[in-house]
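What follows is a short report on a single structure.
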Amino acid sequence: MPSSNSAPRNFDAARYRAFYRTMWRIRLFEEAAIRAVADKLVLGAIHPSIGQEAVAVGVCGNLAREDAMLSTHRGHGHTLAKGADSLAMMRELFGREGGTCHGKGGSMHIADFGVGMLGANGVVGANIVIAVGAAHAIKLKRENRIVCCLFGDGAINRGPFMEGLNWAGVWKLPVLFVCEDNGFAASTRTRAMTSGEGPAARARALGIPAEEIDGNDAALVDETAKRLIGEVRGGGGPRFLVTKTYRLTGHTGVDPAAYRPKEEVEAKWKDDPIARLGAALIAAGLSQADLDAERRAASAEMDGAYAAARETPWPPERRAYEDVQDAGDPRVAAF
Amino acid sequence: MAKITYADAAKRAIAEEMRADPTVWAVGEDLGRGGVFGQYKGLPEEFGPERIADAPISEACIMGAAVGAAMMGTRPIVEMRFSDFALCAIDELVNQAAKARFMFGGQAKVPLVVREPIGMWRSSAAQHSQSLESWYAHIPGLVVVCPATPADNYGLMKTAIRNDDPVVYMEHKNLWGLEGDIDDAPAAIPFGKARVARAGKDATLVAWSATVHAALEAAGELAKEGREIEVVDLRCLWPWDRETVLASVRKTGRLLIAHEAVRVGGFGAEIAAVVAEEAHGALKAPVRRVGSPRAPIAYAPPLEDLLRVTPATIARAARGLFA
Ligand SMILES: Cc1ncc(C[n+]2csc(CCOP(=O)(O)OP(=O)(O)O)c2C)c(N)n1
Ligand SMILES: [Mg+2]
Numbered sequence: 001m002p003s004s005n006s007a008p009r010n011f012d013a014a015r016y017r018a019f020y021r022t023m024w025r026i027r028l029f030e031e032a033a034i035r036a037v038a039d040k041l042v043l044g045a046i047h048p049s050i051g052q053e054a055v056a057v058g059v060c061g062n063l064a065r066e067d068a069m070l071s072t073h074r075g076h077g078h079t080l081a082k083g084a085d086s087l088a089m090m091r092e093l094f095g096r097e098g099g100t101c102h103g104k105g106g107s108m109h110i111a112d113f114g115v116g117m118l119g120a121n122g123v124v125g126a127n128i129v130i131a132v133g134a135a136h137a138i139k140l141k142r143e144n145r146i147v148c149c150l151f152g153d154g155a156i157n158r159g160p161f162m163e164g165l166n167w168a169g170v171w172k173l174p175v176l177f178v179c180e181d182n183g184f185a186a187s188t189r190t191r192a193m194t195s196g197e198g199p200a201a202r203a204r205a206l207g208i209p210a211e212e213i214d215g216n217d218a219a220l221v222d223e224t225a226k227r228l229i230g231e232v233r234g235g236g237g238p239r240f241l242v243t244k245t246y247r248l249t250g251h252t253g254v255d256p257a258a259y260r261p262k263e264e265v266e267a268k269w270k271d272d273p274i275a276r277l278g279a280a281l282i283a284a285g286l287s288q289a290d291l292d293a294e295r296r297a298a299s300a301e302m303d304g305a306y307a308a309a310r311e312t313p314w315p316p317e318r319r320a321y322e323d324v325q326d327a328g329d330p331r332v333a334a335f
Numbered sequence: 336m337a338k339i340t341y342a343d344a345a346k347r348a349i350a351e352e353m354r355a356d357p358t359v360w361a362v363g364e365d366l367g368r369g370g371v372f373g374q375y376k377g378l379p380e381e382f383g384p385e386r387i388a389d390a391p392i393s394e395a396c397i398m399g400a401a402v403g404a405a406m407m408g409t410r411p412i413v414e415m416r417f418s419d420f421a422l423c424a425i426d427e428l429v430n431q432a433a434k435a436r437f438m439f440g441g442q443a444k445v446p447l448v449v450r451e452p453i454g455m456w457r458s459s460a461a462q463h464s465q466s467l468e469s470w471y472a473h474i475p476g477l478v479v480v481c482p483a484t485p486a487d488n489y490g491l492m493k494t495a496i497r498n499d500d501p502v503v504y505m506e507h508k509n510l511w512g513l514e515g516d517i518d519d520a521p522a523a524i525p526f527g528k529a530r531v532a533r534a535g536k537d538a539t540l541v542a543w544s545a546t547v548h549a550a551l552e553a554a555g556e557l558a559k560e561g562r563e564i565e566v567v568d569l570r571c572l573w574p575w576d577r578e579t580v581l582a583s584v585r586k587t588g589r590l591l592i593a594h595e596a597v598r599v600g601g602f603g604a605e606i607a608a609v610v611a612e613e614a615h616g617a618l619k620a621p622v623r624r625v626g627s628p629r630a631p632i633a634y635a636p637p638l639e640d641l642l643r644v645t646p647a648t649i650a651r652a653a654r655g656l657f658a
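The listed protein sequences derive, respectively, from chains A and B. Sequential numbering of the first sequence, starting at 1, is according to my numbering. Sequential numbering of the second sequence, starting at 336, is according to my numbering.
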């Protein structure tokens, strides 16, 4: 994709300056998370979305707090952009008290219902049918909220993708599906394992209007998401957005991604969505000092979160047995 | 005698069977790069992409297609990556693979090896840590294998591939790197033959999969206290070796079963019930079971550890047999 070096008309510099900050917050949160894995502060797998930040800010920037959002194993960016607190998220990654889920879920299960974030998911594609059900409830309750469901290009080969899209179409549900197409499903190039024209064509075949855009162009994602969300909110039924992007890191925080050539990754770094938005902001009249200030603020926030999370105590033992269910005692003489 | 890892032992068995039988093939996500745990490393190079086949993220279709391919005379090894994701293919396994032979009056055979690793794996949380072996033991038509050692992962994999019925083959994620001895000309290990991992006369301790190693440590502790614990590695949950367990209990008069899975409804309950039915008179103490609390597995290390069956928890329960 060509870099957009000149700002388009309607370029809202103040809005995109805020996006720029959020993109850095996501990037630096995830760099901190990768560091935490190396420092053995995080022992489970994390899935960075470095390189995909424009999708998170562009889509979630158009959701209201009351709107629901469902994410994937690669959900830090979506969650931050939806408004979750970075320290609570960092604590969750570190498995500490005060984490969004009391340290019980970790990176792959971050959720913050307070900001409409109904959960990351460890099972690829599982969020699609849940999102459809959330939208179904909104319709039953005659609410004006919508649901946004994000998933990867690999998820479209699971059955729940077909079942969920069909369901949303049958009931004209208020849901925006966002397929974050980063070209990979773990170590596999998704294309090689996907028949037909891909996600947008599949959505259209199920009667859902679909668009495919450059997902590394934050302003374009923003404009497109705004329009589609407006249509969904207006009662137009489900919409489907494919954002073409690239995962600049490995699949997990420790994956060296040896399955793709170095040159490919280096070339993709030239399409870094943060740098692209920065260039557009400069073209719109901001100074490098303005951009640096945003980055510094994001950096201070994430360094602070890292330091604070690491000092936060572990959850008390009772957390292991809390919120299992109302009936019965989970301990029933286990050992 | 040579050394081999748990992962490589199964791989060696697969490679040998694939060389000997052109109908054996493997299918699953990311197999082209050698599998997510490296458990197929080198096999794509030797056998090519048709026999070590990549798959889309389509667990239901991977399993279902393997059922069809098995009915048509091939022997698929199905890679499910984590037992948790195999739940996306439960209909294909439980309603289809397990029942086809019976329902169709013996016309169909479904020779399938479903590899689905189980167990806690540091901070993998509730959807990547489960041990669901007892579910499958409950399903007529399925064989259930839970190897604990490299040698067993070789010998049982050989038998699983040659077997004509669907086998749920559950390796433990924490054991991939475990090294152990293997014979220079190792043999296949038949299903339903337990292994006495440590002989003893005072109590019988039954375990499988990674818990065998915790059980052996616990037995070592008890030995220092003058108690000789016989550790029986069950190896298979179906068919399971009732004779070896009953003979051991008749000798020792005491039984403890330890497993990583949730204690409630775990396979330990079945063993305890059979011993109560068949060897009640031999028991000098109530049967005891060790298993996980009935809670999803938490992410935070200290919470995860609360749910873990350890040598210490097993030893404590074993001491209870003598109280
Ligand atoms: C049902 C299921 N199968 C397999 C996995 C293992 N897995 C985790 S992420 C992943 C790749 C997902 O690819 P994609 O949907 O494109 O998302 P991305 O990782 O690229 O963000 C796989 C196969 C899983 N979590 N769930
Ligand atoms: Mg992808």
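Just so it is clear, CB atoms sit at the ideal spot from N, CA and C, and this is done for glycine as well.
How would you label A/Trp416, buried or exposed, when you count the other beta carbons within 10 angstroms and need 16 or more for buried?
There is simply no residue 416 of chain A to check, as chain A begins at 1 and stops at 335 in what is shown.
With 16 as the cutoff for other CB atoms within 10 Å, does A/Ser195 come out buried or exposed?
Looking at its Cβ environment, which holds fewer than 16 other Cβ atoms inside 10 Å, A/Ser195 is exposed.
So, for A/Lys172: in the same chain, excluding its five sequence neighbours on each side, which residues have a beta-carbon less than 6 Å away from its beta-carbon?
The residues are Gly237.
Let me know if B/Leu540 comes out buried or exposed under the rule of 16 or more other beta-carbons within 10 Å of its beta-carbon.
Buried, because 16 or more other Cβ atoms sit within 10 Å of the Cβ of B/Leu540.
Does the pairing of the stretch 259-277 of chain A with the stretch 92-105 of chain A give three or more beta-carbon distances under 8 Å?
Contact between the stretch 259-277 of chain A and the stretch 92-105 of chain A is not established, with fewer than three Cβ pairs separated by less than 8 Å.
Helix, strand or coil for A/Met1, going by three-state DSSP, please let me know.
Any reading at A/Met1 needs caution, since the residue's pLDDT is 42, under 50, leaving its predicted position unreliable; the model's value is listed next. Coil at A/Met1, not helix or strand.
What are the partner residues of A/Glu301, as DSSP defines its beta bridges?
According to DSSP, A/Glu301 bridges with nothing at all.
Taking 7 Å as the limit between beta carbons, can you name the residues of its chain near A/Met1, skipping five residues before and five after?
Any reading at A/Met1 must be qualified, since the residue scores a pLDDT of 42, below 50, and its modelled position is unreliable; no value is offered.
Which complete alpha helix (DSSP H) runs does the stretch 442-521 of chain B hold, if anything under 4 residues is left out?
Counting only runs of 4 or more, we get 468-472, 485-497.
Which residues in the same chain have their Cβ closer than 7 Å to the Cβ of A/Asn182, if we skip the five residues on either side of it in sequence?
The residues are Gln52, Gly152, Asp153, Thr245, Tyr246, Arg247.
Buried or exposed (CB count within 10 angstroms, at least 16 for buried), B/Leu642
Result: buried.
According to the neighbour-count rule (16 or more other Cβ atoms, all chains shown, within 10 Å of its Cβ), is A/Pro316 buried or exposed?
The C-beta of A/Pro316 has fewer than 16 other C-beta atoms within 10 Å across all chains shown, which makes the residue exposed.
Round the Cβ separation of A/Leu87 and A/Ala334 to the nearest angstrom and send it over; I've been treating them as touching at under 8 Å.
With 8 Å as the limit, A/Leu87 and A/Ala334 do not qualify as a contact, their Cβ atoms being about 33 Å apart.
Near B/Thr494, what residues of its chain come up, given a Cβ to Cβ distance below 7 Å and the 5 sequence neighbours on each side ignored?
Taking C-beta separations shorter than 7 Å and ignoring five residues to either side along the sequence, the partners of B/Thr494 in its chain run Ala523, Ile524, Pro525, Phe526, following chain order.
At a cut-off of 8 Å, is A/Gly125 close to ligand 1 when judged by its beta-carbon and the heavy atoms of the ligand?
Yes, the Cβ of A/Gly125 comes within 8 Å of a heavy atom of ligand 1.
Cβ of A/Pro2 within 9 Å of any chain B Cβ
At A/Pro2, the pLDDT of 43 sits below 50, so the modelled position is not reliable; the number obtained from the coordinates is stated separately. Contacts with chain B at 9 Å (Cβ-Cβ) do not include A/Pro2.
So, is the C-beta of A/Gly237 closer than 9 Å to a C-beta in chain B?
Not one chain B Cβ lies under 9 Å of A/Gly237.
Straight-line Cα distance separating A/Tyr16 from A/Ala131
Each residue's Cα considered, the two are about 28 Å apart.
Would a check of beta-carbon distances place B/Glu364 closer than 9 Å to chain A?
Closer than 9 Å to some Cβ of chain A, the Cβ of B/Glu364 qualifies, so yes.
First and last residue of the alpha helix (DSSP H) that includes B/Leu638?
Segment 636-641, the alpha helix (DSSP H) holding B/Leu638.
Counting pairs of Cβ atoms below 8 Å between the stretch 598-606 of chain B and the stretch 466-486 of chain B, do you hit three or more?
In short, these stretches touch, since the Cβ pair count reaches three.
Spell out whether any CB of chain A is found under 9 Å from the CB atom of B/Met484.
For clarity, residue 484 of chain B is Thr in the given sequence; the question names Met instead. Not an interface residue.
Segment limits, alpha helix (DSSP H) that includes A/His78:
Element bounds for A/His78: 76-81.
C-alpha gap between B/Asp365 and B/Gly373, whole angstroms
A straight line joining the alpha-carbon of B/Asp365 with that of B/Gly373 spans about 10 Å.
I need the straight-line Cα distance from A/Val332 to B/Pro628, nearest angstrom please.
Their backbone Cα atoms lie some 7 Å apart in a straight line.
Beta carbon nearer than 6 Å to a non-hydrogen atom of ligand 2:
Cβ atoms closer than 6 Å to ligand 2 belong to A/Gly152, A/Asp153, A/Gly154, A/Asn182, A/Phe184, A/Ala185, A/Thr190.
Which of the three DSSP states, helix, strand or coil, is assigned to B/Ala620?
Reduced to three states, the DSSP call for B/Ala620 is coil.
Whose CA, out of A/Arg202, A/Leu140, A/Ala137, lies closest to the CA of A/Glu163?
Selection A/Arg202, A/Leu140, A/Ala137 evaluated against A/Glu163 yields A/Arg202 as nearest (Cα-Cα).
Helix, strand or coil: which one does DSSP assign to A/His136?
A/His136: helix per DSSP, three-state reduction.
Is any heavy atom of ligand 1 found at a distance shorter than 8 Å from the C-beta of A/His47?
It does: the Cβ of A/His47 is within 8 Å (strictly closer) of some heavy atom of ligand 1.
Is A/Val42 near A/Leu93, with beta carbons less than 9 Å apart?
It is a contact, given that the beta carbons lie within the stated cut-off.
Sorry if obvious, but does the Cβ on B/Arg450 come closer than 8 Å to a heavy atom of ligand 1?
B/Arg450 has its Cβ no nearer than 8 Å to any heavy atom of ligand 1.
Please classify B/His594: does DSSP put it in a helix, a strand, or coil?
DSSP, reduced to helix, strand and coil, places B/His594 within a strand of the structure shown.
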